[in-house]
Amino acid sequence: MFDAVIRNLPFLMGGFWVTVKLTAFALLGGIPLGILVGLGRISKKRWVYYPVTFYVNLIRNIPLILVIFWFYFVMPILVGRPMDPFPSAVISFIIFEATYFGEILRAGYQSVSKGQIEAGYSTGLSYIQTTRHILIPIAFRRMLPSMITQSIVTYQDTSLAFVIGLPEFVRRTAIVDNLEVRSIQLFGFVAIMFLITCYISSVVSRRFEVKREGGY
Amino acid sequence: MIEIRNLSKWYGNFQVLHNINEEIKQGQTVVVCGPSGSGKSTLLRCINGLEPFQEGEVTVDGVSVSDPGTNLYKLRTEIGMVFQRFELYPHMTALQNIILAPMKVRNKSKKEAEAKAMELLHRVGIPEKAHAYPANLSGGQQQRVAIARSLAMGPKIMMFDEPTSALDPEMIKEVLDVMIDLSKGGMTMIVVTHEMGFAREVADEVIFMDEGRIIERGTDISFFKNPKNPRTKEFLDKILL
């Protein structure tokens, strides 16, 4: 019943690997950038707050598919040479996801008691030390469930990179389907793969929620 | 040790501190009391530079707090501060709370910082809680960890901002005992509190503040026996019952 899938398994799994890689790069870049974006959004310095807020509002009000599309077609004009779909997709995802992670973390930062920050200052810690050892870890732990949810969304969204011809999982499945004409079987396989991996991630995420030390 | 001269502070148009003058000598314990909103906490926060002020001068150990050339971070290592709501870092154990600043600010090795932290936990009476998270400690235990955290930097001055106000009655004593111990050990202390028993036992001076002004001050005995200001008398009657 999965004959077409089995015949093309290496090719399909190659696409799955591209999807996993794209997700990994998007998160490895998007979360650290999101940490900074969140800090910018609570900054009292206007020259930090306004540009960051502009960036967040701009990106969050554009569909992801357009960000991927525009970046791919605009970058060559700016840098003077065409860009490969994979790095282009990675950068688009980092730019896009950082705004979402940034807003999640902004809420996390704002939930940290002002007193805990002042306790840090009163022992002589600098702004950077207080932010790094107190503000970010507390916010991150508190927001971990939302961060994991957003990571799963990122993973699911990677298939949108098909618009620039990136041969990721869904794209490769569509190619196979053009030859084999077994749509239900092939896209059923894709759905099952996403279902299993996302479900496992959400179970892991719930474990984190339970394991977290209480009281904050 | 601490000199406050003509200190005034405004929030917008609202004046929270009016021309405060006070001098605290090394080894003295000064108790600050007064109704809420009278500027007690703000006064403490001006001393370690957590809040800026517009007029007057505060010098700590000869260093001006408002001088733009002053390294406030360095100054704060000399001034421990204990908060009403403890403000322990919730993601760290008691021990980690205590060693953070010594390791990051003073560049102490982990081993050295931990040895000092354990010594301090013994001093506040809860060495067995070293590896407990704040959420698993009682209020009194949390506050004692917070005191140990401040002491870990080896401050010359300790400031307490209503350290027992958020505690259940049966836990107040365990915190006050630690503070009395510190005061008798020669620490320079400013304590915002309404624990008049504490004031009687260790205060060298008691200050009463109302609406941003120091309206009465005295050595402990004179303060309680014959307050000159009717507002002080009224307040004392209320809290001493």
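These protein sequence lines are chains X and E, in that order. For the first sequence, position 169 matches number 169 in the numbering used here, and the numbering has no gaps at all. For the second sequence, position 138 matches number 1138 in the numbering used here, and the numbering has no gaps at all. Idealized CB from N, CA, C, for every residue including glycine. Keep in mind the model is a prediction, meaning the values are calculated, not measured.
Residue i - containing beta strand (DSSP E), residue span
| i | result |
| --- | --- |
| E/G1218 | R1213 to G1218 |
| X/E168 | Per DSSP, X/E168 belongs to no beta strand (DSSP E) and is neither H nor E. |
| E/M1159 | I1157 to D1161 |
| E/R1005 | I1002 to Y1011 |
Short Cβ contact (8 angstroms threshold) for residue i with residue j
| i | j | result |
| --- | --- | --- |
| X/L105 | X/G34 | yes |
| E/K1025 | E/G1034 | no |
| E/I1157 | E/E1205 | no |
| X/F140 | X/G108 | yes |
| E/F1083 | E/A1148 | no |
| E/T1193 | E/Q1028 | no |
| X/T123 | E/A1113 | no |
| X/L58 | X/F96 | no |
| E/H1131 | E/L1095 | yes |
| X/P145 | X/S205 | yes |
| X/I152 | X/S202 | yes |
| E/I1098 | E/L1075 | no |
| E/Q1015 | E/G1212 | yes |
| E/V1178 | E/V1124 | yes |
| E/S1150 | E/M1081 | yes |
| X/L22 | X/F93 | yes |
| X/V163 | X/I42 | no |
| E/D1058 | E/I1047 | Going by the sequence as given, residue 1058 of chain E is Val instead of Asp. Contact: yes. |
Cα-Cα separation, residue i to residue j
| i | j | result |
| --- | --- | --- |
| E/E1087 | E/N1226 | 37 angstroms |
| X/V171 | X/S159 | In the sequence on display, residue 171 of chain X carries Arg and not Val. Cα to Cα, the separation comes out at about 7 angstroms. |
| E/Q1143 | E/Y1089 | 12 angstroms |
| X/V37 | E/S1038 | 39 angstroms |
| E/N1019 | X/T130 | 33 angstroms |
| E/S1008 | E/G1154 | 30 angstroms |
| E/P1134 | E/E1128 | 13 angstroms |
Cutoff 8 angstroms: residue i Cβ touching any chain X Cβ
| i | result |
| --- | --- |
| E/H1091 | yes |
| E/R1149 | yes |
| E/T1077 | yes |
| E/E1030 | Note on residue identity: the sequence assigns Val, not Glu, to residue 1030 of chain E. By this cut-off, E/V1030 is not an interface position. |
| E/N1006 | no |
| E/Y1073 | yes |
| E/N1107 | no |
Chain E within 8 angstroms of residue i, Cβ atoms only
| i | result |
| --- | --- |
| X/G124 | yes |
| X/R220 | There is simply no residue 220 of chain X to check, as chain X begins at 1 and stops at 216 in what is shown. |
| X/E118 | yes |
| X/G38 | no |
| X/Y216 | Per-residue confidence for X/Y216 stands at a pLDDT of 49, beneath the threshold of 50, marking its modelled position as unreliable; no derived number is given. |
| X/Q156 | no |
| X/Y100 | no |
| X/I134 | yes |
| X/S202 | no |
Cβ-heavy atom distance, residue i to the ligand NAP, below 7 angstroms
| i | result |
| --- | --- |
| X/I117 | In the structure shown, the ligand NAP is absent, as is every other ligand, since no ligand is present at all. |
Beta-carbon proximity list for residue i, same chain, < 6 angstroms, skipping 5 on both sides
| i | result |
| --- | --- |
| X/G165 | P85 |
Cutoff 7 angstroms; reference residue i; Cβ partners in own chain excluding five residues on either side
| i | result |
| --- | --- |
| E/Y1011 | none |
| X/P76 | P82 and M83 |
Limits of the unbroken alpha helix (DSSP H) element including residue i
| i | result |
| --- | --- |
| X/Y50 | R46 to R60 |
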